[in-house]
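Notes follow the structure.
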Amino acid sequence: MARYILRRFLISIPVLVGVALILFLLLNVVPGDPVTLMMGEHIKPALIEAFRARMHLDDPVLVRFGRYMLGALRGDFGVSYKLQREVSGLIWQAFPHTVKLTIYSAFVSWIIGIPAGIFSAVKHNTLIDRSLMGFSLMGVSLPIFWAGLLMQYVFASRLGWLPVTGYYSIKYYIMPSVVLGWSSAGTVARLTRSNLLEIMKNDFIRTARAKGLSEPSVVACHALKNAMLPVITVMALQVAGLLGGAVMTESVFGIPGIGRIAVDAITHRDMPLLQGTILFTTAIVIAGNLAADIMYAFLDPRIRVEQANS
Amino acid sequence: MLQIRNLKTHFFTRGGVAAAVDDVSIRIPPRSIVGVVGESGCGKSVTALSVLQLVSRPGKIVSGSILLDGEELIGKPSKQMRRIRGNKISMIFQEPMTSLNPVYTVGRQVAETMILHRGASKAEAMDRTVEMFRAVGIPAPEKRLKSFPHQLSGGLRQRVMIAMAMACKPSLMIADEPTTALDVTIEAQILHLMKELERDMGTSIMMITHNMGVVAELCDYVYVMYAGKVMEHAGIFDLFDHTKHPYTQGLLNSIPKPSGVRGRLFNIEGMVPSLLRLPKGCRFSPRCEQAVRECFESEPGLYAVSPGHGVRCFLYRDCGDGGEAI
Amino acid sequence: MNGAEFDLDQELAQRDDATAAGRLKGMLRNNKVAAFSVLVIALIIAASFAAPLYSPYDPNKPSLSERFAPPSRTHWLGCDDLGRDQLVRLIYGARISIVIGLLPTSLSMLLGAALGMISGYVGGKTDFWIMRLADVVLAFPSLLLAMVVSYTLGGGIVSIFIALSAVSWAGTARVIRAQTMSLKEKEFVLAARSIGVRGGVIIFRHILPNCVPSLIVLFTLNIPGAIMNESSLSFLGVGASPPSTSWGLMIYRYKTYLLSYPWLAIAPGMAILIFVLAFNFLGDGVRDALDPYMKD
């Protein structure tokens, strides 16, 4: 088991390096000179030269990449052009907000998605099933930012129940979490349903019925554990979707999380900040995938036992 | 003990209604092994699932009667029916690979039946499971309790399935092609085991198979099904020595014989007809070498050629009606 | 569950729905929601591309006297902050969603299919590197990667186009690779290989045709994501830029007036919801019809 985890961990390192490389290349082949872009057109050439030298902008790309990676390993992502502060400090400041938002909305999506999926599968091909699935498709098709605006309009501006924007207490997180969670609840529900239906087609379900188990017992004892294995994987994979969605949600609700920083960095063409936030986010996603695989291995005897024996 | 009378199980599909089981009557006396034989799609599995009331949509039992020790099973409330499944009637399936739940140990899966029907505690059930494992010939039973299905070979898995089916000492075990997925040597062992269990524990077996060899090895009495109907039924010796129905003759002739005449292996021409487009008249007529005009026009009944030997074929009409087993 | 030997469904499937096209037709006959979705999509596409033929207003010409005009007989959905007709702008704005929904998706589909088949068929080092690249691309949250690409290219519709093509090929490549690998072991491919048919020919003659149903499924399922990503990018200000209109951009513009003139921002969001939902319903139907593993 330990070996399996270690192997999985080692596989994800080159992926992370690949991500960093692609990101670095994309951001460093920007047409136009980043210094002029940043400092404006009318700046003394000498200043530009000095700046370029300080930032080592004239070294070959791969050398700069190596230097960047070495720094990143020590937690140094460079300095923001715009804010003139350490990127890592800005990220650590923003990260807790994003974590909160992601956890709350993941929670919302499971609470809505998993029961809806199970119910839909049990009531397969009935009106309930169809309406639940139509509803979940609606969640998937809803533009997050627009839903956020609508909620703000209705619950904050019109009804005055909730604050419009901000991040000061859990009250501020209700709307963002519901909006973000709702959109991924659809995915969770559909996945739970399709897995459960797939599992219910298995021969061992017929065996369980032939044993004399009641239908709820068949579903709860024999189908659900099998069906939840892939769902757990998706829960961790969801992290990617939620982090992506967090970008939108944070912008709409004024939460100063990672996504918000990334958007600001794009607006101000602040390359080090953009690079740092995206690399960081992607690293979290990769860690999420890793966690999913490990969890899966713990839960599925077919993997767990094999690894223990080998 | 088990009497199936005029059972009709239909499948209501988009393309029409398919009579997968069409007026089938089967009797399984106590302490006997009864074979149900036929090609794929003849309705033998659906008959078995009908007994346990496990036919799922779009299939439905339309009419008929299934009596277990005189007790009607059709229309029984599902709660009472569940008390019969796994307890009085149990079932094993073709694929031992997929018939066991991969995420639970085999011990737990066998014990579950006893906890459910006998109200045994977990420890008691586990002890009984060890006994059952020993009875079905699983080596090192204590150790095997904690194995997961994927760690066992196909033969061992089928033994686990049998242990599960026999756990509550049912009066009937339905075996749906239990050896089809196994190697020939393992198949012989499993068949031997089933015969032993029938003798020692007094459980009757309904053996569903397409393999005439298995029938010859195991069964006391045989029903031959074709496209949803029983074509011939007879005691094992009558069936092999006094084969009547052209279809049964075809089935027996297509078994390769080591001592037989060399040359082309006999096969029945044509295909099993679709249940949605059954031919007019006898449903075997398009493939029958002995068919006469009447065979294409009207359906034959079951005629009794001798006591306990019925044939659905106009060739034996002179023997008179009343070929039903019951 | 009908018993292992009862293959009625299969028999039915073989009878009237042998080809992918046949199965799609059958699906549209039986699945009313999917059929309705096709109608909605067709209507939106036709309306937006034929707009210059019938539209009484220029979508970009301001008319100061009609600023924030409420919905009326002359302006069905009212006018925006510059007095431009909202409905006409919505109809024109659909063009970007349509183009973005279809073109990058097709492009990434071609790329993904080609790389997937090569990866699966050739195997070895080629396979290894293509799949590692796919891993890397899949590790990025797609919206963020699209943001970065669009940053590099300086925003605008073309950069969205490239960004969206670059992010969605990897998923397709994985599916097609898996399928190619299993097809490669099938008897008909083995037979072709055993008589010395060249790899390229086998890929085109034997593997590609068998991947077509999966490609159709992936295509319809990828469209809504692309449309959604475009509107998100435009809303964030890194996508379509004026004067071209996009629904995401409209919401971005009109959110300022949410309190006083809420319908301005509500209408384009509704348009996205309807369009994406229609594609999702259609995609569901297509998958059920073509993907043998998803069939109930």
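Residue numbers (this note's numbering), protein chains in the order written: chain A, 217 to 526; chain Y, 804 to 1129; chain L, 18 to 313.
Ideal Cβ positions, reconstructed from N, Cα and C, are used throughout, including at glycine.
Computed from a predicted structure; not experimentally measured.
- prompt: Among residues of its own chain, excluding the 5 on either side of A/Met354, which ones have a beta-carbon nearer than 8 Å to its beta-carbon?
  reply: Gly402
field: Interface residues of chain A facing Y/Met894 [CB-CB closer than 7 Å]
entry: Ala426
- request: Would you identify the three-state DSSP class for Y/Ala821, choosing helix, strand or coil?
  value: strand
Identity of the residue in L/Val55, L/Ile268, L/Asp102 and L/Ser54 nearest L/Glu83 by Cα: L/Asp102
task: Taking only beta-carbon positions, decide if A/Ala452 is within less than 8 Å of chain L.
output: no
- request: Compile a chain-ordered list of the residues in the region 274 to 298 of chain L whose CB is closer than 9 Å to at least one CB of chain A.
  value: Leu275, Leu276, Pro279, Ala282, Ile283, Pro285, Gly286, Met287, Ile289, Leu290, Ile291, Phe292, Val293, Leu294, Ala295, Phe296, Asn297 and Phe298
- prompt: Secondary structure at Y/Arg888, three-state DSSP: helix, strand or coil?
  reply: strand
task: Find out if the Cβ-Cβ distance for the pair Y/Arg834, Y/Ser1007 is shorter than 8 Å.
output: yes
- prompt: How close, in whole Å, do the beta carbons of L/Val166 and L/Ile179 come, if the pair is a contact with beta carbons under 8 Å?
  reply: 6 Å
- prompt: What does DSSP give as the partner residues of Y/Val840 in its beta bridges?
  reply: Y/Thr1012 and Y/Val1027
- request: Determine the extent of the beta strand (DSSP E) in which Y/Gly867 is found, giving its start and end residues.
  value: Gly862 to Leu871
- prompt: Does A/Ser526 come within less than 8 Å of chain Y when only Cβ atoms are used?
  reply: Its pLDDT being 42, under 50, A/Ser526 is placed unreliably by the model, and the measurement read from it follows with that caveat. Chain Y, which has no Cβ nearer than 8 Å to the Cβ of A/Ser526, makes this no.
query: If A/His313 sits next to A/Ile471, beta carbons under 8 Å apart, how far is it from one beta carbon to the other, in whole angstroms?
result: 5 Å
field: Three-state class that DSSP yields for L/Glu202 in the structure shown
entry: coil
query: Ordered along the chain, which non-local residues of its own chain (more than five positions away) have a Cβ less than 6 Å from that of Y/Glu1100?
result: Gly1084
- request: On a CA-only basis, which of A/Arg280, A/Leu429, A/Ala405 and A/Leu299 is nearest A/Asp345? Give me that one, please.
  value: A/Ala405
Below-8 Å beta-carbon distance, L/Thr169 vs any chain A residue: yes
- prompt: Are the region 230 to 250 of chain L and the region 357 to 369 of chain A touching by the rule of at least three beta carbon pairs closer than 8 Å?
  reply: yes
task: Would you kindly check if the distance between the Cβ of A/Val303 and the Cβ of A/Pro488 is under 8 Å?
output: yes
query: First and last residue of the beta strand (DSSP E) that includes Y/Phe815?
result: Leu805 to Thr816
message: Can you check whether the C-beta of A/His438 is within less than 8 Å of a C-beta belonging to chain L?
response: no
message: Can you check whether the C-beta of L/Leu181 is within less than 8 Å of a C-beta belonging to chain A?
response: no
field: Cross-chain neighbours of A/Asn411 in chain B, by beta carbon under 7 Å
entry: Given the protein chain composition of this structure (A, Y and L), no chain B is represented.
- prompt: What residues from chain A crowd round L/Ser159, counting only those whose CB sits closer than 7 Å?
  reply: Gly460
task: For L/Ala156, return the contacting residues in chain A, with the cut-off set at a CB-CB distance below 7 Å.
output: Val231, Val235, Thr498, Val501 and Ile502
message: Residues in the same chain with beta-carbon distance under 7 Å from A/Val463, minus the five sequence neighbours each way, listed in chain order, please.
response: Gly475, Ala478 and Val479
- prompt: Does A/Ser467 have its Cβ less than 8 Å from a Cβ in chain L?
  reply: yes
field: Simplified DSSP assignment, three categories, for L/Cys96
entry: strand
- prompt: Are any of the Cβ atoms in chain Y nearer than 8 Å to that of A/Pro432?
  reply: no
Own chain partners of L/Ser136 with C-beta closer than 7 Å, once the 5 adjacent residues on each side are dropped: Thr143, Asp144, Ile147, Met148, Ala190 and Arg194
- prompt: Taking Cβ-Cβ distances shorter than 8 Å, what residues in chain L pair up with A/Ala478?
  reply: Leu161 and Met164
message: DSSP three-state label for Y/Val1075, please.
response: coil
query: Under the DSSP definition of a beta bridge, which residues are partnered with Y/Met894?
result: Y/Ile977
task: Anything in chain A within Cβ reach of L/Val206, meaning under 9 Å, just list it in chain order.
output: Simply none; closest approach about 28 Å.
Rounded separation between Y/Glu875 and Y/Gly867 - CA only: 10 Å
message: Let me check one thing: in DSSP terms, what residues is Y/Lys1032 bridge-paired to?
response: Y/Tyr1029
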